[in-house]
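Heads up: the sequence shown begins at 5 in our numbering, then just goes up one per residue. For reference, the structure is listed below as structure tokens.
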Amino acid sequence: PYGPSPAARRAALKALDETPYYAWSLEPPLVEAIARREGVSPDSVGLCNGSLEALSLLSTVFSKTGPIVAPQPTYATPLLYAQRQGAVLDWIPVTADHQMDLPALAKKAAGAGCVYVCNPNNPTGLLADPDALRAFCIAASKSAPVIVDEAYIEISPDPVRHSMLDLVRDGHDVIVARTFSKVYGMAGLRVGFILARPERVRQLKSLIPTHKGRPGLAAALACYGDATYLAGTRAYLEGCREKIYAICKANGLTCLPSHATYVFVDTGKPNLAFQKTLASMGVEVRVFDSPAHPTWIRVGTASPAELDVFAQVLPQALKV
């Protein structure tokens with residue numbers, strides 16, 4: 005809800021004057037900007053219409069040679085897309101403390117089409133230990149491509165340490181996916197990118213059937229790496245998370261400390277039914293398919309006014 009930066013808004017509006025034309029000319033400058041900031045060559049940067057596009061297309065292609073191995077729960081949307089195209093999904097439950105089970109995932113890497121991890125994980129909001137994740141990615145990528153979804157990495161306390169980008173620079177078969185949808189507040193403009201070996205970038209380009217949108221590319225170029233804006237966004241999101249924590253505590257609910265734009269909450273009630281109860285009261289939350297989390301919901305970092313509504317209706321919903 006924080007929304008795009010002022011510079012991104014101005015750039016998107018200006019780009020509307022040129023929407024009769026395709027956006028070819030805007031792609032190289034954005035690729036160069038990303039490559040320069042992330043310390044990779046331009047041929048290691050692949051643009052996409054939101055990172056979901058890249059995650060979906062690449063996981064589908066990789067699944068032709070073996071199952072997709074992934075933690076559960078996680079951001080399953082791209083994996084379920086691949087499943088609809090015939091992929092086999094091999095889910096590995098998270099540990100008792102809700103962390104990704106990296107040793108169990110590593111055991112399944114041999115023979116896998118690819119391994120997918122999300123860090124911070126969605127919906128738990130938890131960060132993996134960076135050293136453990138790095139060692140896991142190095143080992144697993146010797147057997148199969150490893151996709152690391154870093155949609156929320158800019159919100160983490162130390163993005164450089166927690167990112168697996170250094171493995172891309174070192175030539176490992178690791179694909180880091182990023183997006184402008186989260187911390188940059190541009191979900192509706194659909195801009196994302198991957199950082200990977202050049203051959204993986206070429207593979208992605210061969211799969212994308214559509215052009216990118218001019219307003220989105222212009223906005224992304226205008227705001228990428230804007231330190232002042234990012235600091236403001238992080239502070240805003242931290243305030244929202246703290247408010248959700250307080251609401252949960254006031255209602256006696258357990259929740260996990262999050263490094264993302266949501267908080268994972270144990271309501272103690274069957275989550276699908278509880279989701280419907282909240283919806284009837286005007287509050288929308290997410291539930292995730294995980295046998296180990298039948299009573300958990302994901303509460304997004306909405307606006308302060310929306311969180312006030314959540315605080316008002318939650319006690320009523322818990323009584324239903």
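C-beta atoms are modelled at their ideal positions from N, C-alpha and C, and glycine is treated no differently.
- Taking 8 Å as the cut-off, the Cβ atoms of residue 127 and residue 77 count as close.
- DSSP places residue 212 in the coil class of the three-state scheme, outside both helix and strand.
- Non-local beta-carbon contacts of residue 228 in its own chain, meaning distances under 6 Å to residues more than five positions away in sequence, involve 37 in chain order.
- Excluding residues up to 5 positions away in sequence, 141, 152, 178, 180 lie with their Cβ nearer than 6 Å to the Cβ of residue 168 in the same chain.
- In the pairwise beta carbon analysis, the stretch 295–315 is classified as touching the stretch 242–260: at least three pairs are separated by under 8 Å.
- Between residue 224 and residue 48 a beta carbon distance of about 17 Å is seen, past the 8 Å cut, so the two are scored as non-contacting.
- Annotation for residue 292: no alpha helix (DSSP H) segment contains it, and DSSP assigns it neither H nor E.
- Residues of the same chain with a CB within less than 7 Å of the CB of residue 315, apart from the 5 flanking positions on each side, are 251 in chain order.
- Relative to residue 103, the option among 323, 149, 240, 130 whose CA is nearest is 130.
- Note on geometry: alpha-carbon atoms of residue 240 and residue 6 lie some 7 Å from one another.
- When rounded, the separation of the alpha-carbon atoms in residue 191 and residue 183 is 9 Å.
- The C-beta of residue 256 has fewer than 16 other C-beta atoms within 10 Å across all chains shown, which makes the residue exposed.
- Under the 8 Å Cβ criterion, the stretch 87–94 does not count as touching the stretch 30–46, having fewer than three qualifying pairs.
- When Cβ pairs closer than 8 Å are counted between the two stretches, the stretch 286–305 is seen not to touch the stretch 230–237, the count staying below three.
- A straight-line Cα-Cα distance of about 19 Å links residue 253 and residue 324.
- The beta carbon of residue 194 is closer than 7 Å to those of 53, 54, 217, 220 in its chain, skipping five residues each way along the sequence.
- Judged by beta-carbon spacing, residue 259 lies beyond the 8 Å limit of residue 266, meaning their Cβ atoms are not closer than that value.
- Linking residue 118 to residue 70 through their CA atoms gives a straight-line distance of about 7 Å.
- For the 8 Å CB-CB criterion, residue 123 and residue 158 do not form a contact.
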